[in-house]
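Chemist: Right, I'll just put the structure down here and ask away after.
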Amino acid sequence: MADPLRTGSSALLAFQRAIATTSHNISNSATEGYTRQQVDFSANLAVQKDFGYVGQGVLVADIKRLEDTFAQKQLFVTGAELARVSTLHEYAGQLDSLLADDGLNLAPALNDFFDALADANNNPTDIVTRHGVVNAADNLTRSFNSLSDGLESTGSQYRGALQGSVNEINSLSKQLADVNSSIMSVYRDTSSRTPNDLIDERNRLLSQLSEQVGITTIETSDGGTDVYIAHGQALVTGSEAMELTVIS
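Spelled out as structure tokens, the structure:
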């Protein structure tokens, strides 16, 4: 006959794991990127006896993440779009402020220059009107130079921000490749177990990456996640990360 102590102890061990998982959920309730986990139970294989099959208790079949995959992917998409719009708004606002600055407004300088040309055309021999053209041209040149300096300063800020973003992308890509490697290693060793916390870490990194650049993710059969950016350019494939560079 089946050992009743063994059958009973299987239940105790299984529910001990369930309690540990519940405690893990509570402990990480405020952890960024954490996904709640749930224990799935399964009956132990019964043993055949002369009079029939005798149950062998219960076991923990798996501990699953209660994740909405579609919502997670949409989060990556909206994160990328929010970052794009925020960056566009920031630099468009800087350009708008620059062009609206009275000191950099070209319209008055252009009007003065063309008025001076008109006066000189009407009085080509008049020394005063000739000097007026020279002065207006000099003033227009200074206005163009001031605007150019302002645009160059804004461009320099943008290039600096772009380099910082690329550095962040490269760092996140390397971390993603490392986490991918760890996850794939777990699946190779124990394909029946899901490395939940590692997957949460990967999703957290993917969320941060999506705030820097638009991404598309594809889950692979070995447990990895490949990451692609614009035009299908591979950024992370398995445990390998590509590096982006800024071209001046």
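Numbering (my numbering), first residue to last: 149 to 396. All residues carry an ideal CB built from backbone N, CA and C; glycine is no exception. Here the structure is a predicted model, which means the values were calculated and not measured.
#1: Put Asp370 into one of helix, strand or coil per three-state DSSP.
#2: Do Thr342 and Ile167 have their C-beta atoms within less than 9 angstroms of each other?
#3: How big is the Cα-Cα spacing for Asn259 and Asp267?
#4: I need the DSSP call for Ala264, collapsed to helix, strand or coil.
#5: Among the residues of its own chain, which have a CB less than 7 angstroms from the CB of Gln356, if the five just before and after it don't count?
#6: What residue range is occupied by the uninterrupted alpha helix (DSSP H) comprising Asp326?
#7: Grouping DSSP H, G and I as helix and E and B as strand, with all else coil, what is Ile347?
#8: Short of 8 angstroms in beta carbon distance, which residues of its chain neighbour Gln397, apart from the five on each side in sequence? Order them along the chain.
#9: Just the Cα atoms here: how many angstroms apart are Val314 and Thr226?
#10: Express the C-alpha separation of Thr277 and Asp249 in angstroms, rounding to a whole number.
#11: Near Ser387, which residues of its chain fall below 6 angstroms by C-beta distance, leaving aside the five closest residues on each side in sequence?
#12: In terms of residues, what are the limits of the beta strand (DSSP E) holding Arg213?
#13: State the start and end residues of the unbroken beta strand (DSSP E) segment that holds Asp244.
#14: Taking only the alpha-carbon atoms, compute the straight-line gap between Gly280 and Tyr239 and give it to the nearest angstrom.
#15: In the DSSP assignment, what are the bridge partners of Glu388?
#16: Report back the beta-carbon spacing between Phe399 and Ile363 to the nearest angstrom; my notes put them in contact at under 8 angstroms.
#17: Going by other Cβ atoms of all chains shown within 10 Å of its Cβ, with 16 needed for buried, is Asp188 buried or exposed?
Modeler: For this structure:
#1: By one-based count along the sequence shown, residue 370 stands at place 222. Looking at Asp370 - three-state DSSP - the assignment turns out to be coil, as it is neither helix nor strand.
#2: On the sequence shown, residue 342 is found 194 positions in, with the first residue counted as 1. On the sequence shown, residue 167 is found 19 positions in, with the first residue counted as 1. Contact: no.
#3: For the purposes of this step, residue 259 is identified with residue 111 of the sequence shown, where counting begins at 1. For the purposes of this step, residue 267 is identified with residue 119 of the sequence shown, where counting begins at 1. About 12 angstroms.
#4: Within the sequence shown, residue 264 is the residue found at index 116, counting from 1. Residue state, collapsed to three classes: helix.
#5: Counting from 1 along the sequence shown, the entry for residue 356 is found at position 208. Contacts found: Leu320.
#6: Here the question's residue 326 lines up with position 178 in the sequence shown. Asp326 -> alpha helix (DSSP H) spans Ile275 to Asp337.
#7: Taking the first residue of the sequence shown as 1, we reach residue 347 at position 199. DSSP places Ile347 in helix when its eight states are reduced to three.
#8: The question about residue 397 has no answer, for the chain in this structure spans 149 to 396.
#9: In the sequence shown, counting from the first residue as 1, residue 314 sits at position 166. In the sequence shown, counting from the first residue as 1, residue 226 sits at position 78. Roughly 20 angstroms between the two C-alpha positions.
#10: Here the question's residue 249 lines up with position 101 in the sequence shown. Here the question's residue 277 lines up with position 129 in the sequence shown. One C-alpha to the other measures close to 29 angstroms.
#11: The residue labelled residue 387 in the question sits at position 239 within the sequence shown. Contacts found: Ala325, Asn328 and Ser329.
#12: Locating residue 213 in the sequence shown gives position 65, counting from the first residue. First-last of the beta strand (DSSP E) with Arg213: Val206 to Arg213.
#13: On the sequence shown, position 96 is the one that residue 244 refers to. Note, Asp244: premise wrong, no beta strand (DSSP E); alpha helix (DSSP H) at Thr217 to Ala248.
#14: As a first step, residue 280 is located in the sequence shown; it is residue number 132 there, counting from the start. As a first step, residue 239 is located in the sequence shown; it is residue number 91 there, counting from the start. C-alpha separation (whole angstroms): 37 angstroms.
#15: Position 240 of the sequence shown holds residue 388. Paired residues: Thr385.
#16: Shown here, the chain extends from 149 to 396; a query on residue 399 therefore has no answer.
#17: As a working note, residue 188 is residue 40 in the sequence shown. Classification of Asp188: exposed, given that the 10 Å Cβ count is below 16.
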